[in-house]
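If you want the numbering used here, it's the 1-based position in the sequence shown plus 2. Where is the CB? At the ideal position from N, CA and C, for every residue including glycine. Note that the structure is a prediction, hence the values are computed from the model and not measured.
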Amino acid sequence: MTRYEDLPYRTCVGVMLINRAGLVFIGRRAGGIEHVDETHIWQMPQGGVDPGEDTWEAAKRELYEETSVRSVEKLAEVGDWLTYDIPRTVAGRTWKGRYRGQRQKWFAMRFTGEDDEINVASPGGGGHKAEFVTWRWEP
Numbered sequence: 003m004t005r006y007e008d009l010p011y012r013t014c015v016g017v018m019l020i021n022r023a024g025l026v027f028i029g030r031r032a033g034g035i036e037h038v039d040e041t042h043i044w045q046m047p048q049g050g051v052d053p054g055e056d057t058w059e060a061a062k063r064e065l066y067e068e069t070s071v072r073s074v075e076k077l078a079e080v081g082d083w084l085t086y087d088i089p090r091t092v093a094g095r096t097w098k099g100r101y102r103g104q105r106q107k108w109f110a111m112r113f114t115g116e117d118d119e120i121n122v123a124s125p126g127g128g129g130h131k132a133e134f135v136t137w138r139w140e141p
């Protein structure tokens, strides 16, 4: 078994989706083993970067796969990778124990569509597993 300290970071992207009113999209996560506790169930869209994939393209793909949203404009990108470790007590059951945490590249995107474009129940035209059970805009 690989020691926690020797595990790599999972490469992923995160999206802060901002509407015309300046509110931020958050989704209530569907249940899963990756939750540390019930206070961590609301989050912004995020997900893994495929090998060789550009991070901007990965961010747009993940946003679509989780929300069905395609109507966006890039506002900003975090320059450096942000990393964090997940608690050791969770590491063995999250991502099948392959990672100690994540290294993330975050993007701010302006949502240029209408709210009815957002579909978390059957995202991506029903081609993707629902990551969120509901969503809302927050300040």
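Residue from the options with nearest C-alpha to residue i
i: residue 138; options: 10, 24, 16, 8; result: 24
i: residue 16; options: 135, 93, 83; result: 83
i: residue 49; options: 70, 12, 74; result: 12
i: residue 78; options: 104, 4, 58, 118; result: 58
i: residue 64; options: 140, 129, 141; result: 129
i: residue 81; options: 105, 74, 6; result: 105
i: residue 85; options: 18, 75, 108; result: 108
i: residue 43; options: 56, 28, 54; result: 28
i: residue 18; options: 112, 53, 121; result: 112
Close Cβ partners of residue i (< 7 Å) along its chain, the five nearest in sequence each way excluded
i: residue 32; result: 132, 133, 134, 135
i: residue 101; result: 9, 10, 11, 12
i: residue 14; result: 48, 49, 50, 51, 104, 106
Cut-off 6 Å between Cβ atoms - residues of its own chain near residue i, not counting five sequence neighbours on either side
i: residue 68; result: 47, 125, 133
i: residue 87; result: 102, 103
Nearest-angstrom Cα separation, counted from residue j out to residue i
i: residue 30; j: residue 96; result: 18 Å
i: residue 91; j: residue 110; result: 31 Å
i: residue 115; j: residue 123; result: 18 Å
i: residue 93; j: residue 5; result: 11 Å
i: residue 60; j: residue 76; result: 13 Å
DSSP bridge partner residues for residue i (one or two, in chain order)
i: residue 138; result: 28
Notebook entry, point to check: In the region 83 to 131, which residue ranges form an unbroken beta strand (DSSP E) of at least 3 residues, counting only runs that do not cross its ends?
Noted result: 84 to 87, 103 to 113
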